[in-house]
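Structure record follows, encoded as structure tokens.
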Amino acid sequence: MDHQETARILVAGSGPAGLIAALGFAEAGFRVTLIGPEAAGADGRTTALMNPALAVLERLGVLADLKPKAAPLKVMRIVDATGRLIRSPTVTFRATEIGEEQFGLNLPNSVLLPALAKAVAAHSGIDWRKLMVESWRLDAGHAHATLADGSEVSASLAVAADGRLSPAREAAGIPASVRPYPQAALVLNFGHRSEHAFTSTEFHTETGPFTQVPLPGNRSSLVWVVKPETAKELAALDDDTLSQRVEEQMQSMLGRVSVEPGRQVYPLSAASPGRFAQNRVALVGEAAHVFPPIGAQGLNLGIRDIDDLIGIACENRIDPGSRMSLAAYDSRRRPDILARSGAVNLLNRSLLSDMLPAQMARSAGLSVLGSFAPLRAFFMREGLRPGSGFQALTGGFRKQVRR
Ligand SMILES: Cc1cc2nc3c(=O)[nH]c(=O)nc-3n(C[C@H](O)[C@H](O)[C@H](O)COP(=O)(O)OP(=O)(O)OC[C@H]3O[C@@H](n4cnc5c(N)ncnc54)[C@H](O)[C@@H]3O)c2cc1C
260 MDHQETARIL VAGSGPAGLI AALGFAEAGF RVTLIGPEAA GADGRTTALM NPALAVLERL
320 GVLADLKPKA APLKVMRIVD ATGRLIRSPT VTFRATEIGE EQFGLNLPNS VLLPALAKAV
380 AAHSGIDWRK LMVESWRLDA GHAHATLADG SEVSASLAVA ADGRLSPARE AAGIPASVRP
440 YPQAALVLNF GHRSEHAFTS TEFHTETGPF TQVPLPGNRS SLVWVVKPET AKELAALDDD
500 TLSQRVEEQM QSMLGRVSVE PGRQVYPLSA ASPGRFAQNR VALVGEAAHV FPPIGAQGLN
560 LGIRDIDDLI GIACENRIDP GSRMSLAAYD SRRRPDILAR SGAVNLLNRS LLSDMLPAQM
620 ARSAGLSVLG SFAPLRAFFM REGLRPGSGF QALTGGFRKQ VRR
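Numbering (our numbering), first residue to last: 260 to 662.
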């Protein structure tokens, strides 16, 4: 039997980035082979996706099914709970300040991932091989993946959506040092007595952020970043004691708390590859950037990777994995990825730092943000769509010049 197959686009990895990439390329008219196992086990996390990422899911036809199980994010707050000498004022961002009804939606991964997998399985343009890539061979004209059953898939372009350790990235010869952080995230969902009013609050503590994000009803999700040993201890507490600890940490902001079954601990790390594409391989999602879960950036950035890669592939339909196409992708993604990764890592380090200058810089930055509405609006627009903050500023400037 001939195991040789040829596909224009090969997507390696079937996490959220791989599933979205496969759907996006297929919708753009490419033949797609997706390689990766179906998700096993429950992912108790939720993912806050901002409006531009939701627009991508809408184009892919999956948003309507997700909406009833998601909660809108209308207000986002940062509270300094470090208890340090230099503390920042609370900063509140309201979507209405920039003319939006909501910043985005908070979606349970247990809803998002099956919806994406169902859409991929139903798409006639996608051949989903539910196996691992065992090895890669990259030559001048093609990327070749050998699968666990010995078969081979070849394509002009390989999309590496195979996560933070990305074997495809390694095969392409792109170095990426993965730096483990002295932090882990305890993740759980909880019910609460008072209404959240669609507000997410990020409490900044000396060990990292404690982030509450609304879910439908009087429920919220929690990402609590602490030292790895503390995460283990917290995860081992009985429900009542843990509920009390969560309520205390939130200063009883939402009244009585009751944690739901299902707690997970994620060790945190950071990784920044030297390039974002090379040798027929383009990196998307966590293969391209890993940083701590602060400010809901990870998958939003991953969806922008995919959107840009598809745009460039459509301009180079004959050979989307060519050197020219990959160079265009690398330079288009570089500023956004470096800016987001840099900002998140810097903020995280300033929380952990005992150094007064780092604390003062963070406090001064947040004080200015809290008191100066145009700057707050700039950051909110930039947070949603890179470049749109600048557009709004220059638009406003042009209006003033015309006057
Ligand atoms: C606690 C926490 C909370 C978060 N909250 C948010 C949030 O609110 N908003 C947000 O935007 N982001 C958030 N993120 C980040 C987000 O979860 C990640 O960006 C996202 O999961 C990355 O998806 P991915 O598909 O790139 O990688 P993964 O989910 O790691 O998927 C990689 C896939 O590749 C597969 N794979 C690996 N090797 C191979 C191989 N050889 N062959 C085939 N397949 C392979 C794996 O099996 C896996 O399925 C959060 C992260 C954490 C840890």
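Note that CB positions come from ideal geometry on N, CA and C, so glycine has one too.
How many Å lie between residue i and residue j at the Cα?
i, j, result
"THR292", "ARG504", "47 Å"
"LEU366", "LEU316", "12 Å"
"LEU493", "HIS382", "43 Å"
"LEU474", "ARG396", "44 Å"
"VAL379", "SER511", "42 Å"
"PRO594", "GLY277", "22 Å"
"PRO468", "ASN575", "42 Å"
"THR220", "GLU454", "Past the edges of the chain, shown from 260 to 662, lies residue 220, and the structure says nothing about it."
"ILE279", "PRO552", "20 Å"
Please look up how many angstroms separate the CB atoms of residue i and residue j, rounded, as I've assumed it's under 8 Å.
i, j, result
"LEU269", "ALA402", "6 Å"
"LYS486", "THR466", "6 Å"
"ALA546", "ARG428", "5 Å"
"ARG353", "VAL334", "5 Å"
"PRO296", "LYS377", "Actually they do not touch by this definition, with Cβ atoms about 16 Å apart."
"GLY303", "GLN523", "5 Å"
Quick one: grab the DSSP three-state call for residue i.
i, result
"ARG644", "coil"
"ASN448", "strand"
"PHE284", "helix"
"SER502", "helix"
"ALA508", "Looking at the sequence shown, residue 508 is not Ala but Gln. Helix, per DSSP."
"SER257", "With the chain represented from 260 up to 662, any question about residue 257 goes unanswered, as that position is not in the structure."
"GLU277", "Rather than Glu, the amino acid found at residue 277 in this sequence is Gly. Three-state result, GLY277: helix."
"ALA376", "helix"
"SER531", "strand"
"ASP255", "Not covered by the structure: residue 255. The range shown for the chain is 260 to 662."
"ILE268", "strand"
"LEU319", "coil"
"THR349", "coil"
"LEU371", "helix"
"THR466", "coil"
"PRO327", "helix"
"LEU513", "coil"
"GLU297", "coil"
"GLU393", "strand"
"ASN365", "strand"
"PRO520", "coil"
"ARG388", "strand"
In chain order, what residues of the same chain lie with their CB nearer than 8 Å to the CB of residue i, ignoring the 5 residues before and after it?
i, result
"SER528", "ARG423, VAL437, ARG438, PRO439, TYR440, VAL549"
"ILE571", "PRO579, SER584, ALA587, TYR588, ARG591"
"SER415", "ARG267, ILE268, GLY400, HIS401, ALA402, ARG539, ASP578, PRO579, GLY580, SER581"
"THR305", "ASN365, LEU366, PRO367, ASN368, ASN448, VAL472, LEU474, SER480"
"ARG751", "Because the chain in this structure spans residues 260 to 662, residue 751 falls outside the shown range and cannot be described."
Which same chain residues end up closer than 6 Å to residue i when comparing Cβ atoms and leaving out the 5 residues on each side of it in sequence?
i, result
"ARG515", "ARG452"
"ALA281", "VAL270, VAL291, LEU293, VAL379, ILE385"
Taking 7 Å as the limit between beta carbons, can you name the residues of its chain near residue i, skipping five residues before and five after?
i, result
"GLY384", "ALA285, ARG290, VAL291"
"ASP324", "ALA374"
Run through the region 412-448 for me and flag every whole alpha helix (DSSP H) of 4 or more residues, listed as ranges in chain order. 426-430
Quick check on the DSSP output: what are the complete beta strand (DSSP E) runs of length 3 or more inside the region 537-589, in order along the chain? 540-542
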